[in-house]
Amino acid sequence: MSEQVILTETVDRVGVIRLNRPDAMNALNVDIMHAIVEASEAFQEDANIMAIVVTGNEKAFAAGADIKEMQTKPYIEMQQSDWFGHWNRFTAIRLPIIAAVNGYALGGGCELAMMADMIIAGPKSKFGQPEINLGVIPGMGGSQRLTRAIGKSKAMDLVLTGRMIDGEEAERAGLVARLVEDDKVLETAMEIAQTIASKSRPVVMAAKEGVNNAFETTLQQGLLFERRTFHSLFALEDQKEGMDAFSNKRQPEFKDR
Ligand code: DAK
Numbered sequence: 000m001s002e003q004v005i006l007t008e009t010v011d012r013v014g015v016i017r018l019n020r021p022d023a024m025n026a027l028n029v030d031i032m033h034a035i036v037e038a039s040e041a042f043q044e045d046a047n048i049m050a051i052v053v054t055g056n057e058k059a060f061a062a063g064a065d066i067k068e069m070q071t072k073p074y075i076e077m078q079q080s081d082w083f084g085h086w087n088r089f090t091a092i093r094l095p096i097i098a099a100v101n102g103y104a105l106g107g108g109c110e111l112a113m114m115a116d117m118i119i120a121g122p123k124s125k126f127g128q129p130e131i132n133l134g135v136i137p138g139m140g141g142s143q144r145l146t147r148a149i150g151k152s153k154a155m156d157l158v159l160t161g162r163m164i165d166g167e168e169a170e171r172a173g174l175v176a177r178l179v180e181d182d183k184v185l186e187t188a189m190e191i192a193q194t195i196a197s198k199s200r201p202v203v204m205a206a207k208e209g210v211n212n213a214f215e216t217t218l219q220q221g222l223l224f225e226r227r228t229f230h231s232l233f234a235l236e237d238q239k240e241g242m243d244a245f246s247n248k249r250q251p252e253f254k255d256r
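For the record, in the sequence shown the residue sitting at position 188 is 187 according to numbering that gives the first Met the number 0, with numbers rising by one throughout.
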């Protein structure tokens, strides 16, 4: 039987993806990439799902791309297969994605966490871009998303030396949204996902799109996009419901329309 490289489950309106290559520190091979992408897309297709949590195990979120799988590949195969290019489908997911990180998040593992919309981690977690030690550079966003997240100086520190930082330093640097006890990481990520799940699905998607747009546009274009999106939300019943609920001092009941 083939290896079940991820485990998925649905908890209320939250889809959970657990990386499941414990013997390889959840190293990311082509199979696991396809599995994560396909599971995320399936969750998004399900109108009942509001958010996705991606996690690993207590030793590793993911210790990077699978070095043993890629080490002998010739250039032409990497280039022609657009090796690991499918991760673009993961970053195109419109539902919020929360990375719950325990243990190592290195190389592609750190990059996968950064593709998520926020990272929850414990003090013992370890983040890093050690590709320089392998004679390569980050290939899945480590030079780009990390720099945007923590700034040039610290990104250079990690990318050029390959050193790891723990969860506390990652939180101070702005990489991690919330630092919680190691055994509370998944629980906290699930609580955040459940909070998001109580909102309106189209509004949640619009909010994610708005924040992500900040990385793609000028300030003026971004502000215009935000304002027009805000205007468009007045076409939703959920906007009327949310504001009516506030005015009448009751909890809103969103219908996702
Ligand atoms: N790949 C393959 N196997 C790995 C692995 C990895 N990244 N990390 C760990 N393993 C395997 C180990 O080989 C070992 O297997 P066995 O020897 O038992 O068969 C098992 O997991 C347990 O690991 P260790 O025995 O090493 O455990 P330790 O506790 O001593 O050390 C460690 C844990 C995480 C510090 C260490 O395993 C380590 O340094 N791992 C490698 C970390 C690393 O260098 N990561 C970066 C990989 S390069 C691209 C997209 C993405 C990328 C590139 C291009 N494109 C789109 C173009 C990404 C590149 C990378 O991520």
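Ideal Cβ positions, reconstructed from N, Cα and C, are used throughout, including at glycine. Predicted model, so just to flag it, every value in this text is computed and none were measured.
Quick check on DSSP: helix, strand or coil for residue i?
i: A46; result: coil
i: R200; result: helix
i: D165; result: strand
i: I92; result: coil
i: M0; result: Here the model assigns M0 a pLDDT of 41, short of 50, so the residue's position is not dependable, and the following value carries that caveat. In the structure shown, M0 sits in coil (DSSP, three-state: anything other than H, G, I, E or B).
i: M117; result: strand
i: G14; result: strand
i: L159; result: helix
i: T216; result: coil
i: F126; result: strand
i: V175; result: coil
i: E186; result: helix
i: I51; result: strand
i: T9; result: strand
i: F60; result: strand
i: G241; result: helix
i: L235; result: coil
i: P21; result: helix
i: E208; result: helix
I'd like to know if residue i contacts chain D, where contact means its C-beta is closer than 8 Å to some C-beta of that chain.
i: V210; result: The structure shown contains no chain D, having only a single protein chain.
Using only the alpha-carbon positions, how far apart do residue i and residue j sit?
i: E68; j: M77; result: 12 Å
i: V135; j: R162; result: 15 Å
i: M24; j: R227; result: 44 Å
i: A206; j: E252; result: 19 Å
i: R256; j: K153; result: 43 Å
i: E8; j: I16; result: 7 Å
i: M0; j: N132; result: Its pLDDT being 41, under 50, M0 is placed unreliably by the model, and the measurement read from it follows with that caveat. Whole-angstrom Cα-Cα distance: 35 Å.
i: Q238; j: K248; result: 15 Å
i: L157; j: V175; result: 15 Å
i: E37; j: I75; result: 26 Å
i: Q250; j: A99; result: 29 Å
i: A188; j: K123; result: 16 Å
i: D165; j: K125; result: 4 Å
i: I118; j: G127; result: 14 Å
i: E110; j: A104; result: 8 Å
i: A244; j: Q193; result: 20 Å
i: A196; j: F233; result: 20 Å
i: F223; j: A34; result: Residue identity check: residue 223 is Leu in the sequence provided, not Phe. Rounded to the nearest angstrom, the two C-alpha atoms are 37 Å apart.
i: K183; j: A213; result: 31 Å
Cα-Cα, which of the options is closest to residue i?
i: T146; options: G127, M155, R200; result: M155
i: P242; options: S199, F214, G209, D22; result: It is worth fixing the name first, because residue 242 is Met in this sequence and not Pro. The shortest Cα separation from M242 among S199, F214, G209, D22 belongs to S199.
i: P129; options: A188, G102, A62; result: A62
i: R20; options: F60, H230, K248; result: F60
i: G140; options: A115, K125, Q43, A120; result: A115
i: L159; options: A169, V175, S142; result: S142
i: I191; options: Q43, L18, A50; result: A50
i: S31; options: N47, R12, T54; result: Checking the sequence shown, residue 31 turns out to be Ile, not Ser. Checking every option, the nearest Cα to that of I31 belongs to T54.
i: R93; options: A213, L18, M204; result: M204
i: S39; options: E110, A172, F245, I96; result: I96
i: V29; options: I48, V52, V184, I5; result: I5
i: E236; options: G221, K254, L223; result: K254
i: V13; options: V52, A34, Q3, L27; result: V52
i: I66; options: V210, E186, G106, I48; result: G106
i: G121; options: A26, R144, R171, N211; result: R171
i: A112; options: E215, T217, L18; result: L18
i: A41; options: A26, T71, R88, G84; result: R88
i: N47; options: W82, V10, Q79; result: V10
i: V202; options: Q220, T216, L185, H230; result: H230
i: A148; options: W86, Q70, N211; result: N211
Where DSSP assigns a beta bridge to residue i, which residues make up the other side?
i: V100; result: A120
i: L105; result: G127
i: L27; result: A64
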